[in-house]
Structures are given as C-alpha cells and as structure tokens.
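Undergrad: Let me begin by handing over the structure; questions about it come next.
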C-alpha cells in the first residue's frame, strides 16, 4: 500500500496490526491535470503517495516564480518528515512555500499524519523508533548532504530562536522576597542594548515564581545547589517529564571558563546541555578549509547537543564557551535511561531540534528522498535520462559500462560518502553507466530541480560543485586507467595526496565465511579485528553477540527493519564491521552475506581445496560483493603450495591472500578461554609487519606497494633498499617489477625476508658473471645471439617450480607481448618463466612463448619499466617505486641535415679531431623501443601516489653483476638516508594513516557496566524487555 521506500523504512518498525491500522486511515484522491493537491497556506498534515499519474512539487521563490523541484512518479511520495514530526509533537504548521499539482490525471493516496497519534498512544515504544529515524534522516540525509557536498553551513540553521515564547528562565528561590534571576550580565547585554538596560527587567511566561533580573551583587557560592534545583525544574518544563525523580543522579551542573570547548565536531560520546547562564557558540568546520563558521548561539533556557543524542550519530558541530557559562548536562547513557522510563520525552526534545532548522531545510526536505536499494537492484541504467544526484549513506554500489561489442567494463565501486551521477546531472548528459547495488544500500536522492533551486539561492554551491568536479577529473588524469567520462560520475573527498583516486579505500563491511568446520574462524576474526583496530574503530559481530545485544528474537524476519537499523548504526560509528558467519547456512549467515562490501572465505592451506557448503551456496546465488580467499598457514609450517587448485575450483574469487598465523590461532580452546586469551592480545598494539596487518591494510585501502624497475646489474641496489625499508619499519603489502625488478621482487615476495633474499640474489648475480656459460649458449643469430637455455637454467634453478599464486606476498610482473602489441601483467602461472620473459632483452635472448596462449613475450621495460600505475590499479594507496633504468646521453652532436659515415670514421681515428657524439643503429633501435616507457615513467614520477626513489647508480653498467655487494651497499646507504628523513618528518606515519581516521579519531562508544546496550540504536532495535539495565551513578 505504501510502496515509497523511505516510508517503508520508517513503517518497517511497526508490527503488522499497527501497520494495517495506519492503512485504515488512508483516503483516495483523484486529481485532474493541473489540479492542485495543496498550496501555501494549507495545513501540512499528510503523507501523499502517488498511485498512478505524476505530480509536480514546486517551491515559491522570492522573485515570484514557482519552479518544479521534483517530479513525483507512481510509488513515490510527497511529504516532509519534519512536517510529520511537527504533527506528532503537537505543533502542526501550514505549507509556507511548497505546493504540489497534478502534471497529468493522477490518483493519490492520502495518509493523515494524525493517524500516528492513536498508534503512539497505544504503543509508546514505537514512537521512539519513528522519532529516531526522522532525526537520523535529518542529520544524515539533509544536514550532511547539504553540508558535505554542497558546502552549506549557516544556511541550514535558525541563528536565533523565539526565546521568550518557548522556554522559561531559571529562577532561584531564597529567603528574601526578591528572587535573583540567574541570567547573568553577559546574557542581558546580548539581548538588551545598554541604553535600555534597567535595574530590573521582569518577564512573565506562566511562571511558577517571580522572574527578576538584578545587576546588584552576585550569586553567593552557597546558593549553587539552589541554582541547580531551580534549573532542573526549568528543564523539567522544557522536556516535560512526568516523573521528576528521573533527573535525580542523572543531571550534573557544569561551569566552564571562557574559551573552553564543551564538545568537538565528530565526538560520539555527547551530552545534552541545557544553558542556565552565559552563551554557548556552535561552530562547524567549513568544507575543504580549516576555518570554522558560527552556526548559531545557544542562549539560556535552550538546549544543544540533543540531535546527536537522539540519533546516536557523531556530533556535526563544535560547541564553545566564549565567556564563562553554566549549564546542566545529561550524558547520552543517562538520557537513554530517562527515555526508557518515559518514551514521550523524545517528542519535546525532537521539537526543540526542529525549531533550530531553517525554512530552507524544510523546503529541501520535501525534495530530498531517502532510498533503500536492495542488493542487485539498479539505481539507474546506462542511457537513462539523468534527473538527480545520489549520495551513498550506507552500502556499496558498482558502476558498469556496456561497450558496443556487448562486453561490460567495471567503471568503479562506491561506498559511504560518495556522490554519484553529479557530472551527468550538471551537464544534462544521459547516464554513461549502469549503477547497481552490490549489497543492501541507503541513498539520498537530490532531484535536479532541487539542486537548481539551491544554486539559484546560494551561488556558492556552484563553486563547491566545480571544486568537486575538478578534484575528480584531476584524480582521473593521474589514474589514467580508464575512460574519463565513466570514472567522473562519483565524487570522493581525499584526505591525503595518496588517497586521491584510490579505488579500494571505501570498504565498510567484511563478511567472513569458513570453507569447513575445521577452520578456526573465531581466532581468525579476533586476530583480524586486532589488526584492524590499529587502523580505526572495528566492530566484530556474531550471531551470539547480536542475540546478547538485541535479544534472542533479533534475527527473526519480523524484526528485519529493526536489525537493519542497528547494523547501519554500527557501520556509521566504526571504520570496519566484521560479520562472522555461523558454520552453516543460518539466517545470520545470510544476513552477513547481505551486509557485505567484501566476502572473505577462510580455508586451511594444508587441507584439500574442496569447495565448502557455504561456498556452493554463494556460487549459486547472485551475490555481487567481491569475494576473496584467505588461506591460513602455521608459522612454523611449510610455505604455501597448490594455491592454483584452490583458485581453479573457485572462479568467483577476485584475489587471494596467504597468512602466516601465530600458534594461538590454531590452539584448541573453549570460547571463554579464547576470549580471555585475546583480551590480553588486544592490550598490545598490533604488529604492523604481521600478515594480519597486511590483510587489514589491503581491506581498508591502506596497502603499501613496492615496485622495482628494470636496469640490469643496477637492480642489485634494490636489495640494499629492501634492507633500509626493513630497518625503517616500513611494511610492504604488494610487490611488482619489471626485468631485474621482477626477479628481485619475486625473491622478496617468496621469502618475506631481506637476508634470505640477498643470499639468493647474490648467488644468481655471481652466476651471471660466468663467460664460459655465455659462450656455450651462443647460437646462429636469427632471432637472438643466445639460445636462452643457459639463462633459463639460471632463473629456474632459483625459483624451481614455484607458482606466482604460492608467493607469500601478492606479486605481479610486466612483459611486452609482441604478438598482440600490448602490455601483459602476470599475477599467476609459472614464476620462473614470467620472470625470465620480463628480462628478455631484444637481440640477446629470444622471446619466451607464453605457456598459456603461445604469445611471444619480451622484456617489460619496453612498455613499462616502472609499473607503479599497475600497483595503484591493484588497490595500493602508496607506491614506493625504485628506478634503476639507464639514463640516456642527451648531449649529442648537432650534425645538421645529413650524416656521412666516412666523416664519422675519420673523426674517430683522428686523435686531434673534436669528439663527435652520435647514436649507432643499435642505440637508435633501443631508444625507439623505450619511447613509450619514458613517457609512462614521467607520468608516474609526477603522480601523487608514487614515492619515486632513484639511487646514485648511473655509473654502473647493465651487465656489471660482479659488483653486486658494492651496488647493493650504494642502495642501502641511499635508502637509509632517505627513510631517516621520512621518519623525522612523519611520512611513514602518514602513509599508514587511514583516510577515514579523522571521522573516527574521537569516536567513543558509550560503555555502561550494567547495561545490555550502548546506544540509542540498540534501544529502538531491542525486542526483548531490558532487565537490570540501569546505569550506576
């Protein structure tokens, strides 16, 4: 009956009988074309749902025009949640500037908001849920969308409330007949000019005593308790609590000095402040600037901080006292206790929030939609008309381009905070991609008409949009890995130079599924939680934790919306939420899969690669989240082997990881003993060099890649830089390389140890100095001077039959495919063959025939000698790129329009002649081969994500492998000097800092010793009655 998604989201918190009771109040309205549904002056007291036809929603502008800000199609609704809140709280108001009319003959369902009143009287706990959902929408959809993306601040709030009509002032009863009114001098001066300030000002508003201001004398310290009691009585009148004893022990009197910060923007553990004397100034950080702007001033008798307490969301502004200020404070936990006893208290508190909202926000609230999109559903399709912009509030979306040949290309994945479709909406292009939900997602939808209305009223919004578009386009130019138009459709705001354009930094939820029951899943998830906690707040959820926190019936389908609401809350206040599934296909396991941005399948490396029951279910379903395989290995066990078999049986896996696990992961302990063990583990900081920390960085888009370039014997310096990296404590999560870099990188990815890599690299380098082996390998030079058999033997003796998939670290190398004239990136297959192919210099060695398709592969240096861009496209946040390529002589002789070889010969043999610098035919061919590579190298060096390093090894020749120790030492000293500078300037710390860290750096989850819940989301989601939930103190 109510197909509109945002109202389903609200009404989903009603049991079926209550929902049906609401529906009985619905009225059917038939409208002719052009007929008005409502106009300014009519009472704003209903929700309208279009059954068929089309409505146009208009806003009356100051210039007398009525532009259409939103077209309402069948299934959509016309309502303002703020208006509904007005009616629920008993303060109905007429439409002021909004009107709606039928664009074509239409049928509309009308649900009077008054219908909610009877439901709330019977079931007051339902009232709390609905109020909270409306408040969350106000903060997350309306405020944050308009602030974060359009740059609006002061425009969203009323700077001054009608003070004398809303609240009474604090009074103080003392023995004398005159009562001292506690609005101190600062407040008086702010409201009344000095010229009209009298000795006493009396204000009457149904007082319980005489209110009087006096500037004679001061309040004595022994009257503080009297002030406290008087202020509490005033607070009771504002929030209208019936049981006055509820405030006892839950309210404290706070006095702050001038210049104090009462609460910071982003704080999670906030309190409600009720001002007694003085003023509290409320500031908000401006987007993309360090400055703050004053939103409004809170006067005596007013409250601040209550929106964040009602929603359980972080505070969206900073509260400061410019002068001494006194106020009552109720903590979030204490406020929830009061709410449990008297749910209707939220009505009056919510009303004070709504009064602070500007008329502009009320207008836009009619146009903004809060959408819930199921996993797999399309938000829009390629070629559709672009009439709106979307903001991802939670969940994950994937953008795909359909090519002319029928193939589909991934354009990007977008998570919480990303802005989608804005380029098309601003440029009036049709949709360039199809965007669908990877998992259940919430979006805010801003129609084009509403955006135009905002731009007309506040031109600075245009500047903000230009800034966002400029950021995105520059990010694409640096990324250079796809069509610009396709990747310019979503906007993110990077927090560091390395984050711009990083594709892997917006995962919020990870589901963890076992291959079999033998997998130590609880130990694995606790280890991963510990590693992730070094990056940001991490929540681990299991079916047991859910039942403990929300009640044993929380997973029943009837409570779907309540659980979704609470889970969404956890995702908002944590950097990553880990969903640990049950061992079988239970409702909780299905919920884990539905919530996942990424699914991790955990297996034991030593076991057979059989596909598990849960995996088979995944394969048969249409789950779109990316799936990764994690294989666990004992730290004292053999290296990984047979990974290709695991992957061949799981075509749906996008990438895999090998983790060397501490012994405690495999220890057989009961659950209580295991939790006790990990309680001790969590007391220590995670080791950034552990494999679990590597997985944590990869999942959060904070991985550091090491890319090693080609350059023959000069590549020995890379071994020395590896040692310097280790000593500097810089972790490496991904290794890639070209030519000699592919060889050195493969050694490190296999060993994870500098010392063992150096020993093996040195042995091979010494072997390369043998002239005898080279002479034996000479052949008739049709394709090359050498047959390649000797070189093949030297490389294969190092790596044996190792496969790339079996390396400890993720690894890739680059070759030039001369059959297809393209670059090849190898991430699987025979390690020695692709390393050899990447080192195959033209003229010296024959191309290697790819064992997969027979294509001829040559040295990767011809096409990409320093593949930092490839590492970036694989999800690395920072790429440390070590260039050891030869530097061409640029100071060549200008010989004019023609060149005589006999003249060159004469110059060469004449000792008195000036030396002539010209290139021979081989050098010209080599330079031509490397032209493409040189251009790519310059782009990489200029990119923000790449830390380019070139040791001083220019004077060493390409084949001087006999100088291994000397060259390696040069690399070590250069790296040590550079990394010492990095350490002093905190470059390494900033590399490892998560882009979302600022959002959570002050996040504190309220913990209550005797309470079974920690925030409002749990209160409104809990199904069973709370027992012994009172908080001490």
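Residue numbers (my numbering): 22 to 1054.
Positions of the beta carbon are idealized from the N, C-alpha and C atoms, including for glycine.
In this text the structure is predicted, and so the values were computed from the model without any measurement.
For residue 350, which beta-bridge partners are listed by DSSP?
TA: Residue 350 is bridged to 273 and 294.
Undergrad: Can residue 896 and residue 832 be called in contact, C-beta distance under 8 Å?
TA: No, they are not a contact pair.
Undergrad: Can you name the residues that DSSP bridges to residue 836?
TA: Paired residues: 845 and 880.
Undergrad: Thinking just about the alpha-carbon of each residue, which of 1006, 64 and 785 is nearest to the one in residue 104?
TA: Nearest C-alpha to residue 104: 64.
Undergrad: Would you call the CB atoms of residue 465 and residue 389 closer than 8 Å?
TA: Yes, the pair counts as a contact, with Cβ atoms nearer than the cut-off.
Undergrad: Distance, Cα to Cα, residue 709 vs residue 978?
TA: If I take the Cα positions, the gap works out to 37 Å.
Undergrad: Which same chain residues, not among the five before or five after residue 214, have their C-beta less than 6 Å away from its C-beta?
TA: The predicted position of residue 214 is uncertain, since its pLDDT is 34 and thus under 50; a value taken from the coordinates is nonetheless stated next. Excluding positions up to five away in sequence, the list is empty.
Undergrad: Is residue 414 helix, strand or coil when you go by DSSP?
TA: In the structure shown, residue 414 sits in a strand (DSSP, three-state: E or B).
Undergrad: At the level of alpha carbons, what is the spacing between residue 453 and residue 412?
TA: Roughly 17 Å between the two C-alpha positions.
Undergrad: DSSP on residue 787, reduced to helix/strand/coil?
TA: Three-state DSSP puts residue 787 in a helix.
Undergrad: Just the C-alpha distance for residue 543 and residue 625, rounded to the nearest angstrom, thanks.
TA: So the alpha carbons of these two residues sit roughly 14 Å apart.
Undergrad: Mind checking who residue 677 pairs with in its DSSP beta bridge?
TA: Answer is 650, bridged to residue 677.
Undergrad: Please state whether DSSP places residue 1055 in a helix, a strand or coil.
TA: Because residue 1055 is not part of the residues shown, which for the chain are 22 to 1054, the question remains open.
Undergrad: Using the Cα positions of residue 892 and residue 766, report the straight-line distance between them to the nearest angstrom.
TA: Looking at the two C-alpha atoms, the distance is approximately 13 Å.
Undergrad: Taking just the CA atoms, how far does residue 919 sit from residue 430?
TA: Approximately 50 Å between the Cα atoms of the pair.
Undergrad: What separation, rounded to the nearest whole angstrom, lies between the Cα atoms of residue 154 and residue 141?
TA: Their Cα atoms are separated by approximately 15 Å.
Undergrad: Locate the alpha helix (DSSP H) running through residue 613, then write down its first and last residues.
TA: Unbroken alpha helix (DSSP H) run through residue 613: 608–616.
Undergrad: Who does residue 302 pair with in a DSSP beta bridge?
TA: BP columns for residue 302 point to 318 and 341.
Undergrad: Check residue 656 in the structure and name its three-state DSSP category.
TA: Reduced to three states, the DSSP call for residue 656 is coil.
Undergrad: Please determine, among 425, 392, 427 and 301, the residue with the shortest C-alpha to C-alpha distance to residue 410.
TA: Of the listed residues, the one whose Cα sits closest to residue 410 is 392.
Undergrad: Please name the residue, chosen from 67, 983 and 471, that lies closest to residue 792 on a Cα-to-Cα basis.
TA: Closest option to residue 792, Cα to Cα, is 983.
Undergrad: Consult DSSP for residue 693 and reduce its assignment to one of helix, strand or coil.
TA: If DSSP states are grouped into helix, strand and coil, residue 693 belongs with the helices.
Undergrad: Using only the alpha-carbon positions, how far apart do residue 435 and residue 986 sit?
TA: Whole-angstrom Cα-Cα distance: 48 Å.
Undergrad: Buried or exposed: residue 898, going by 16 or more other Cβ atoms within 10 Å of its Cβ?
TA: Under this definition residue 898 is a buried residue.
Undergrad: For residue 313, which three-state DSSP category applies?
TA: It is a strand residue.
Undergrad: State buried or exposed for residue 801, treating a residue as buried only when at least 16 other CB atoms are found within 10 Å of its CB.
TA: When all chains shown are included, residue 801 counts as exposed.
Undergrad: Could you pull the start and end residues of the alpha helix (DSSP H) that residue 793 belongs to?
TA: Run containing residue 793: 792–797, per the alpha helix (DSSP H) assignment.
Undergrad: For the alpha helix (DSSP H) containing residue 101, name the first residue and the last one.
TA: No alpha helix (DSSP H) contains residue 101, which DSSP labels as neither H nor E.
Undergrad: Report yes if the C-beta distance between residue 695 and residue 654 is below 8 Å; otherwise report no.
TA: Taking 8 Å as the Cβ cut-off, residue 695 and residue 654 do not qualify as a contacting pair.
Undergrad: Could you spell out where the beta strand (DSSP E) holding residue 90 opens and where it closes?
TA: Here the beta strand (DSSP E) through residue 90 covers 89–93.
Undergrad: Tell me the DSSP secondary structure of residue 957 in three-state form.
TA: Three-state DSSP puts residue 957 in a helix.
Undergrad: Can you give the Cα-Cα distance for residue 50 and residue 721, rounded to whole angstroms?
TA: Residue 50 and residue 721: Cα-Cα distance of roughly 51 Å.
Undergrad: Between the Cα of residue 628 and those of 483, 378, 551 and 538, spot the shortest distance and give me the residue it belongs to.
TA: Nearest of 483, 378, 551 and 538 to residue 628, Cα basis: 538.
Undergrad: Would you report the Cα separation of residue 246 and residue 174, rounded to the nearest angstrom?
TA: Their backbone Cα atoms lie some 38 Å apart in a straight line.
Undergrad: Please state whether the Cβ-Cβ distance between residue 738 and residue 974 is less than 8 Å.
TA: Yes, the pair counts as a contact, with Cβ atoms nearer than the cut-off.
Undergrad: Please go through the same chain and pick out, in chain order, the residues whose beta-carbon is closer than 6 Å to the beta-carbon of residue 47, but skip the five residues on each side of it.
TA: So the list reads 130 and 132, once near-sequence residues are dropped.
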